[in-house]
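Under our numbering, the residues of the sequence shown are numbered 264 to 523, in order.
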Amino acid sequence: MARVRYGPRTAAELRAAREAAARIPDIWSTSLFAVWETDPDAAAQVLPPPLKPAPRPLVRATVSRVDLPGGGPPLGAGSVAVRAVHGDLEGDYPLVMPMTTERALIGGREVFGEPKKLGEVTLERDGDRVRAALARHGVAFVQVNGVVGEALPVADHEALDFYLKFLPAPDGRGLDGDAALVHCTRRGRARALNRVDGTVILADSPYDPVADLPVLGPVEITLSERTSVQEGRIAARVPAADVLPYVHQRYDDPLQVLDA
264 MARVRYGPRT
274 AAELRAAREA
284 AARIPDIWST
294 SLFAVWETDP
304 DAAAQVLPPP
314 LKPAPRPLVR
324 ATVSRVDLPG
334 GGPPLGAGSV
344 AVRAVHGDLE
354 GDYPLVMPMT
364 TERALIGGRE
374 VFGEPKKLGE
384 VTLERDGDRV
394 RAALARHGVA
404 FVQVNGVVGE
414 ALPVADHEAL
424 DFYLKFLPAP
434 DGRGLDGDAA
444 LVHCTRRGRA
454 RALNRVDGTV
464 ILADSPYDPV
474 ADLPVLGPVE
484 ITLSERTSVQ
494 EGRIAARVPA
504 ADVLPYVHQR
514 YDDPLQVLDA
């Protein structure tokens, strides 16, 4: 009988897969980062417990073009996150992470609890001009346009993100258990970094209401070429009742149009 590919893998096959994953070469991306100050009350409202607002109400938009091993079209990856605090640690709480391929969604959502969704991610450079955008459902809800300026010193970098990892209950009533608050640490290095003189435009979207976090303070924009690895851990368990009011951040819910 021919082997059925949906059947179990052997121990040797599982071991070979782990060893191959450990040999993946550095994955480099070109990334544009835009950081701005927003309304402190708006920033506080989007943070589920046990996260607290950071001293400065910062929002960070990231737009990346990722060169994947083996060639093929690059991956588009984006994020919009609010600065937050958990205990004595300060990091970013992403609200939406558009990705251009389904494969890019799976690992992040299932392993780390990242709020990844299929979307359109654009990062284009023409000479010193750079244009970036995050779009879903026909709405470019974040647009960044600017001119690439002076080169900045490159250095190793480390960043912390907070994610809520949970699953809806199969009977449609709440969650199937308490959620996990995940601390995800990214470490890496850059080979190029430039300041960008530009603007951030937020467009209203019913599914990605980033426009509720308006640009009220100085905008800092940079363009970099970097590679990084990430490592996550469960830092706390969060009662399902505390998470339920925020589940719509993860999923597109048509009933959001009924919200006040």
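Every residue gets a Cβ at the ideal spot worked out from N, C-alpha and C, and that includes glycine.
### Query
Considering only residues of the region 452 to 485, which uninterrupted alpha helix (DSSP H) runs meet the minimum length of 4 residues and lie entirely inside it, listed in chain order?
none
### Task
Go to P361, then tell me how far its beta strand (DSSP E) extends in each direction, as first and last residue.
Here residue 361 refers to the residue found at position 98 of the sequence shown. Looking at the DSSP string, the run of the beta strand (DSSP E) that includes P361 is L352 to M362.
#### Entry: For G412, three-class secondary structure by DSSP
Taking the first residue of the sequence shown as 1, we reach residue 412 at position 149. G412: strand per DSSP, three-state reduction.
### Query
Is the Cβ-Cβ distance between L456 and A442 less than 7 Å?
Reading the sequence shown from its first residue, position 193 is the one you call residue 456. Reading the sequence shown from its first residue, position 179 is the one you call residue 442. Going by C-beta atoms, L456 is not nearer than 7 Å to A442.
### Task
Please report the Cβ distance between L386 and R328, rounded to the nearest whole angstrom; I am assuming they are in contact, meaning their Cβ atoms lie under 8 Å.
Taking the sequence shown and counting its residues from 1, one reaches residue 386 at position 123. Taking the sequence shown and counting its residues from 1, one reaches residue 328 at position 65. Between R328 and L386 the Cβ distance is about 5 Å, and since that is below 8 Å, they are a contact.
### Alpha-carbon spacing of E309 relative to Y356, whole angstroms
Indexing the sequence shown from 1 puts residue 309 at position 46. Indexing the sequence shown from 1 puts residue 356 at position 93. Going by the sequence as given, residue 309 is Val instead of Glu. About 9 Å.
### Query
For the beta strand (DSSP E) that contains G390, what are its first and last residues?
Numbered from its first residue, the sequence shown carries residue 390 at position 127. That residue, G390, is in no beta strand (DSSP E); it is neither H nor E in DSSP.
### Query
With distances taken from CA atoms, which of G376, D389, G401 and P472 is nearest G382?
Locating residue 382 in the sequence shown gives position 119, where the first residue counts as 1. It is G401 whose Cα lies nearest to the Cα of G382.
### Query
Hey, out of G339, D289 and V343, whose CA is closest to A210's CA?
What the structure shows of the chain is the stretch from 264 to 523, and residue 210 is not part of that stretch, so it cannot be assessed.
### Query
With a CB to CB cut of under 8 Å and the five nearest residues on each side skipped, what residues in its chain are close to K379?
In the sequence shown, the residue the question calls residue 379 occupies position 116. If we look at K379 and ignore the five residues flanking it on each side, its Cβ neighbours are M360, P361, M362, A367, L368, G371 and R372.
### Message
Quick check on DSSP: helix, strand or coil for I290?
### Response
As a position in the sequence shown, residue 290 is number 27, starting the count at 1. Residue state, collapsed to three classes: coil.
### Task
Give the single residue among A283, L507 and W291 whose Cα lies nearest to the Cα of A432.
As a first step, residue 432 is located in the sequence shown; it is residue number 169 there, counting from the start. When only C-alpha atoms are compared, the closest one is L507.
### Task
Determine the extent of the alpha helix (DSSP H) in which L321 is found, giving its start and end residues.
In the sequence shown, counting from the first residue as 1, residue 321 sits at position 58. Note, L321: premise wrong, no alpha helix (DSSP H); beta strand (DSSP E) at L321 to V329.
### Query
By Cβ distance, which residues of its chain are closer than 6 Å to R496, with the 5 residues on each side in sequence left out?
Here the question's residue 496 lines up with position 233 in the sequence shown. Taken in chain order, the residues that qualify are H446.
### Query
Going by the beta-carbon positions, is the gap between V407 and G341 smaller than 7 Å?
To locate residue 407, count along the sequence shown from 1; it is residue 144. To locate residue 341, count along the sequence shown from 1; it is residue 78. No, the Cβ-Cβ distance between V407 and G341 is not below 7 Å.
### Message
Going by DSSP in three states, A418 sits in which element: helix, strand or coil?
### Response
To locate residue 418, count along the sequence shown from 1; it is residue 155. Three-state DSSP puts A418 in coil, outside helix and strand.
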